[in-house]
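Everything on this sheet refers to the single structure shown next.
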Amino acid sequence: MTLSPTAAPQQTGGKPARRYGPNHRWTVLGIGVAAQASFSATFAGIPVTGTTMRGEYHLSNGQLGVVLGGILLGVAVSEILWGLLTDKFGDRKVLLTGLLSTGAVLALMSLFTVPSGDSVPSVALLAAAMLLVGILGGSVNGSSGRAVMIWFREGERGFAMSIRQTAIPAGGAIGAALLPWLASSYGFRPVFGVLAAFCFITAGATWLWLHEPDDAPAAAKAAAAAADDRSPLRRWDCWRLALASALLTMPQIAVLSFAGIFLHDAKDAGLVVGSVTILAVQIGGAAIRVWSGRYTDRTGNRRGYVRAVGVITGVAMAAAAVLTHAPTVLVAISLAIGGMLANAWHGVAYTEIAAMAGAQRAGTALGLENTTAFAGATLTPLLIPLLLGWSSWTVVWAAVAAASLIAVPLAPGKAKPKPVTAG
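Using this note's numbering, the letters of the sequence shown correspond one by one to residues 129 to 551.
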């Protein structure tokens, strides 16, 4: 039986089920933020420990790139599947599965993949564990995003999705502030243990409070009527936005993964300088994302905004390339600005591709978006050591700028209005 928005749902035994009215959407958004932040602290926080990890695990720059890219590769190869499963089984089941399994793997890593005395885990074991974390943690993105899309309506979705996407730099900021200190002071056992605890705590909140709205069936019908009935996987406009997002991800990951290494190796800066630079990127990026969502809700031009961000990010990273040999303070500031700008498009692009697909296909659309974005994020730490070995840091930052600028014409332009039919 289909429930109307005002019908009282019933549980077995005639006992009324708990109602979740419109205001519960803010609780759902809070869960989405917490889930995204828990996983973000992992995939964005661990790279900030790169200098310590390289020494503790006896890694070369190339091996470090493989290890750090493992999480992102895991997300990239699993996202579409998780999106399809989310659309089929619902947000709650997929999010709980992902958080609990990711937490379990991180807990096992804290026991079995940390250096102890003269014993150092192999590169293969560490990379495989990181890959598994990425595969399981990838479930968080589409499931939490679909929950937000179902609970929020057009005109506020950009703001809500941008807040959820803000959890990525916010969680990364927590990781940047906490994990390098834990790793250098106490080793990697507490690093993985704390990340596991984040996942388990968020899973508890999901179990308690993530539910569908009472008017979900009615909302689903409305969304289906408004959206293109084709799968996002068969739409070139969705693919264009997703591929542009892959290119726009590269400057963000380049700064997160290698700004600290660059400042340490090329500028002789200490751990504090690298951590402060990344922290500024994450906090500033969070603020820009929230503003971007509110702004595009008012203007309605999400596609144009994504293109504009590509231009200004490309210019900012080109400036970082020019300033490579400048004083440390100047180049650190330029990288921080470029990294912050590279964060601005996420919530807007994710909202746009989910809106293009419709709420009931949002899991698949967000899975596609995350697949390409994380594919770009995976390639970045693999390509940078190759570029660095072939040339210089100037070329690295210039290549990152070029990726942003190429994304501009690739991103879809203004959507054509749908024809109005009589009746």
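The beta-carbon is built from N, C-alpha and C at its ideal position, and this holds for glycine as well.
- The three-state secondary structure of serine 168, taken from DSSP, is helix.
- Rounded to the nearest angstrom, the Cβ distance from glycine 266 to valine 203 is 4 Å, consistent with a contact under 8 Å.
- DSSP places isoleucine 174 in no alpha helix (DSSP H); its state is neither H nor E.
- Collapsing the DSSP output to three states places serine 188 in coil.
- When rounded, the separation of the alpha-carbon atoms in alanine 374 and alanine 505 is 7 Å.
- Looking from the CA of glycine 321, the closest CA among Ala483, Ser166, Ala490 belongs to Ser166.
- In this structure, threonine 424 lies near arginine 430, with their beta-carbon atoms less than 7 Å apart.
- The DSSP-derived three-state label of serine 520 is coil.
- C-alpha of aspartate 396 to C-alpha of isoleucine 461: approximately 16 Å in a straight line.
- Of the candidates Val222, Ile291, Phe386, the residue whose Cα lies closest to the Cα of isoleucine 512 is Phe386.
- The C-alpha of glycine 517 is placed about 44 Å away from the C-alpha of alanine 275.
- Unbroken alpha helix (DSSP H) runs of no fewer than 4 residues, entirely contained in the region 227-287, are found at 251-265, 267-279, following chain order.
- Here alanine 305 has Ser403, Leu407 as same chain residues with Cβ atoms under 8 Å from its own Cβ, once five neighbours each way along the sequence are excluded.
- Proline 318: member of the alpha helix (DSSP H) spanning 316-337, first to last residue.
- Between the alpha carbons of valine 400 and alanine 169 lies a gap of roughly 18 Å.
- Remark: C-beta atoms of serine 290 and arginine 368 do not approach each other more closely than 7 Å.
- Cβ contact annotation for leucine 234 (same chain, cutoff 6 Å, sequence separation greater than five): Phe320, Leu323, Ala324, in chain order.
- The shortest C-alpha to C-alpha distance from valine 476 to any of Ala446, Ala447, Ala436 is the one to Ala436.
- Phenylalanine 240 and serine 188 have their C-alpha atoms roughly 21 Å apart.
- For glycine 438, the number of other beta carbons within 10 angstroms of its own is at least 16, and it is reported as buried.
- Residue state for lysine 542 is assigned as coil, using DSSP reduced to three classes.
- If you check the CB distance, leucine 264 and serine 238 do not come in under 7 Å.
- The beta carbon of leucine 254 sits closer than 6 Å to those of Val195, Thr241, all from its chain and outside the five residues before and after it, given in chain order.
- Pairing threonine 452 with threonine 522 gives a Cβ-Cβ distance under 7 Å.
- Proximity to tryptophan 364 across Ala162, Pro540, Ile174 peaks at Pro540, based on C-alpha coordinates.
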